[in-house]
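Start counting the sequence shown at 310; every next residue gets the next number (the numbering used here).
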Amino acid sequence: MGWHLFLVMLLGWIVVGLPMDSSGFSYTTSDFNQFQSRIIDHRNRVNPKFKKVRRRQTLYIIVHTSELGLSATLRVVAKGKQLTNGRSTPGGHANYVIARNGDTYRILDKQFRADHAGLSMWKGRKDISSVSIGIELVGYHNAPLTDAQYRSMGLLVKILQNAYRLGDHAVLTHSQVAFGRPNPWFPKDHRGRKRCAKNFDRARAGLGPTLDNDPDVIAGRLLPDPYLAELFYSPGPAVAARIAATGPVPELISKDRTAWSIAGEEYDHPTTVYVLPGGRRITGDQIAGAVGWHLLPVSTRVLLNQETKPAETNILEYPVKTITDQMTAWSHAGPAYKFDSTIYFLPSGIVRSGSRIPDWDDLPVNTRLIVGYQGPFAVTRQKTAYRIAGHRYKEQTTVYYLPPGRVKTGTQITNFAGLPQGTLLYLPMDSLPPG
């Protein structure tokens with residue numbers, strides 16, 4: 310009976326045309342057919358300056374996190390990056406993109422080389438882009454990916470593994486294969502240039518574990534990055550389980566966490582933005598002259614892959630933030646995007662707390678938000694702004710919602726006696742209203 314059951318299962322896999330995996334995951338023929346029929350064709354959006362080249366070999370599948378919302382991810386991977394120093398790239402930065410709702414976009418046909426891995430090495434082979442398929446997961450390396458993404462990823466990876474006869478060890482994250490040149494922190498070539506997809510849970514995508522060690526570190530070709538080495542190759546729970554145990558946290562500068570340990574080799578790039586505790590934003594290429602690397606204050610946030618224009622970096626947005634293609638709710642608030650103390654003011658005039666926002670990709674551009682606030686407190690003739698907030702009623706940290714959709718700070722209001730009916734007041738969590 311046992312052999313009979315095994316043969317039935319084996320025949321089932323042969324019919325589907327996909328290899329077995331060690332995770333116990335299985336999909337039906339209908340699952341694969343439906344998935345492939347729903348892939349969204351984005352190939353006509355690729356920058357015409359991008360030159361399509363067929364790969365001679367396909368040895369790996371490289372998983373990325375985009376560090377952006379969906380619309381910005383699609384634009385960047387297809388059209389290219391517009392950098393603040395005037396440079397640009399010609400696009401073609403992924404073969405596939407998987408949105409947070411599971412929708413899968415084909416950017417380049419799987420046979421073409423996508424320019425996705427940059428300076429990279431695995432088992433002594435460099436230029437991993439030339440021998441791999443690149444898949445971008447919309448999201449951030451320090452935030453959870455969704456069940457829908459893992460399901461689509463599992464289906465897509467199985468299709469590609471079957472097409473190119475690849476095992477589970479051929480599926481790697483960008484953070485595993487990227488490497489950097491010598492710099493003040495490392496005297497030789499080294500791992501750690503990217504943190505991309507370090508939160509990728511292989512098991513949830515139906516994949517077995519990665520290798521036990523970094524082959525290029527073992528061979529002496531590269532120096533290890535202590536953080537990634539501990540994350541990927543040390544004994545203990547799986548990578549994603551260890552990240553989940555502490556919960557997603559914003560990437561903050563601390564005494565033990567430098568700009569390098571957070572951003573890798575992009576620490577001084579114009580697309581890396583540092584948000585100082587007071588709200589000032591500075592791009593990585595300006596930090597040395599404006600602040601100094603060793604003088605960055607504790608709790609400075611580090612945002613990767615931002616396309617902020619120079620004129621925008623000096624705008625003091627604190628405390629009201631604005632959702633853009635590059636700056637999502639997660640970019641501004643980190644895991645607090647879904648807290649009750651994060652308040653969203655949608656362009657339609659609707660106001661929602663974070664617990665009522667299912668995901669950052671659901672928020673329209675120009676949505677405004679405040680993080681770490683209590684309220685609302687209704688302003689009336691009997692209960693004035695002063696009675697609610699005391700002497701803080703006209704401070705910058707006190708936020709007012711004026712119907713039908715204006716959001717202002719206390720410093721931006723000149724006539725408190727003329728506040729319209731329905732005005733709502735919000736106070737920082739450390740400010741308790743009198744009474």
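Just so it is clear, CB atoms sit at the ideal spot from N, CA and C, and this is done for glycine as well.
Spatial neighbours of G389 in its chain, beta-carbon cut-off 6 angstroms, leaving aside the 5 residues before and after: Taken in chain order, the residues that qualify are N356, S397, T398, P399, G400.
Could you spell out where the alpha helix (DSSP H) holding I527 opens and where it closes? Run containing I527: 524-527, per the alpha helix (DSSP H) assignment.
7 angstroms CB neighbourhood of P729 in its chain, flanking five on each side removed: Short of 7 angstroms from the beta carbon of P729, and not among the five residues preceding or following it, lie these beta carbons of its own chain, in chain order: L711, P712.
Since G463 is in the alpha helix (DSSP H), which residue starts that stretch and which ends it? Counting along the chain, the alpha helix (DSSP H) containing G463 begins and ends at 456-473.
Can you tell me the Cα-Cα spacing of K564 and V607, whole angstroms? Note on geometry: alpha-carbon atoms of K564 and V607 lie some 7 angstroms from one another.
Whose C-alpha, out of L532, K360, T519, W639, is nearest the C-alpha of P544? Minimum Cα-Cα distance from P544 among the listed residues L532, K360, T519, W639 corresponds to T519.
Own chain residues within Cβ distance below 7 angstroms of R460, not counting five before or after: Contacts found: G411.
Give me the DSSP bridge partner(s) of K630. According to DSSP, which records beta bridges pairwise, K630 is partnered with L678.
Could you check if L604 is buried or exposed, using at least 16 other CB atoms within 10 Å of its CB as the buried criterion? Classified as exposed, L604 has fewer than 16 neighbouring CB atoms from the shown chains inside 10 Å of its CB.
To which residues does DSSP link F421 through a beta bridge? Under DSSP, F421 forms a beta bridge with R363.
So, helix, strand or coil for W669, using DSSP? Here W669 sits in helix by DSSP.
Beta-carbon gap between L540 and R500 smaller than 7 angstroms: No; because the gap between Cβ atoms is not below 7 angstroms, this pair is not in contact.
In chain order, each beta strand (DSSP E) run of at least 3 residues that lies wholly inside the segment 706-738: If only uninterrupted beta strand (DSSP E) runs of at least 3 residues are considered, those enclosed by the segment 706-738 are 708-711, 715-718, 733-737.
Go to T382, then tell me how far its alpha helix (DSSP H) extends in each direction, as first and last residue. Taken as a continuous stretch (DSSP letters only), the alpha helix (DSSP H) holding T382 covers 379-388.
For Q343, count neighbouring C-beta atoms within 10 Å of its own C-beta (all shown protein chains included) and say buried if the count is 16 or more, exposed if not. When all chains shown are included, Q343 counts as exposed.
With 16 other CB atoms within 10 Å as the buried threshold, where does Q470 fall? Of the residues assessed, Q470 falls on the buried side of the cut-off, its CB having 16 or more other CB atoms within 10 angstroms.
What residues match up with V480 in a beta bridge as DSSP calls it? Within the DSSP bridge table, the entry for V480 names I370 as partners.
Cross-strand partners of H700 (DSSP beta bridge): Beta bridge pairing from DSSP links H700 with no other residue.
Taking C-beta to C-beta, are L672 and I632 nearer than 7 angstroms? If you check the CB distance, L672 and I632 come in under 7 angstroms.
Might you give, ordered along the chain, the residues of its own chain that have their beta carbon closer than 6 angstroms to the beta carbon of L625, omitting 5 neighbours on each side? Its pLDDT being 44, under 50, L625 is placed unreliably in this model, and the value from its coordinates should be taken loosely. Around L625: G588.
In terms of DSSP beta bridges, what is I591 paired with? Y583.
For Q683 and T676, I'd like the C-alpha separation in whole angstroms. Their Cα atoms are separated by approximately 19 angstroms.
Distance check for R474 and R513, CA to CA, integer angstroms please. Taking the straight line joining both Cα atoms gives about 21 angstroms.
From the DSSP output, which residues share a beta bridge with E376? E376 is not bridged by DSSP to any residue.
Distance between V406 and S375 (C-alpha atoms, nearest Å): So the alpha carbons of these two residues sit roughly 9 angstroms apart.
The beta strand (DSSP E) enclosing G443, as first and last residue numbers: Its beta strand (DSSP E) spans residues 441-446.
Rounding to the nearest angstrom, what Cα-Cα distance links W669 and I659 in this structure? The straight-line gap from Cα to Cα measures roughly 16 angstroms.
Quick one: what does DSSP say V600 is sitting in, helix, strand or coil? Three-state DSSP puts V600 in coil, outside helix and strand.
Within this structure, are the beta carbons of T338 and R409 separated by less than 7 angstroms? Not a contact, by the Cβ cut-off of 7 angstroms.
Can you check whether the CB of T581 is closer than 7 angstroms to the CB of E750? Here the chain has residues from 310 to 744 only, and residue 750 is not among them.
Using the C-alpha atoms, what's the distance from Q691 back to V611? Our two residues, V611 and Q691, have alpha carbons roughly 44 angstroms apart in a direct line.
Simplified DSSP state of S332, which is helix, strand or coil: Residue confidence for S332 is low, a pLDDT of 43 falling below 50, so the modelled location carries little weight; the figure read from the coordinates is stated next. It is coil, neither helix nor strand.
Is it buried or exposed, V386, if we count other Cβ atoms within 10 angstroms and call 16 or more buried? V386 counts as buried, since at least 16 other C-beta atoms from the protein chains shown sit within 10 angstroms of its C-beta.
Within 10 angstroms of the Cβ of D534, are there 16 or more other Cβ atoms? Answer buried if so, exposed if not. The residue in question, D534, is buried, as its Cβ has 16 or more Cβ neighbours within 10 Å.
Within a Cβ cutoff of 7 angstroms, which residues of the same chain sit near K647, ignoring the five residues on either side of it in sequence? Once the five neighbours on either side are set aside, the close Cβ partners of K647 are G663, S664, I666.
Can you give the Cα-Cα distance for G719 and A403, rounded to whole angstroms? Their backbone Cα atoms lie some 45 angstroms apart in a straight line.
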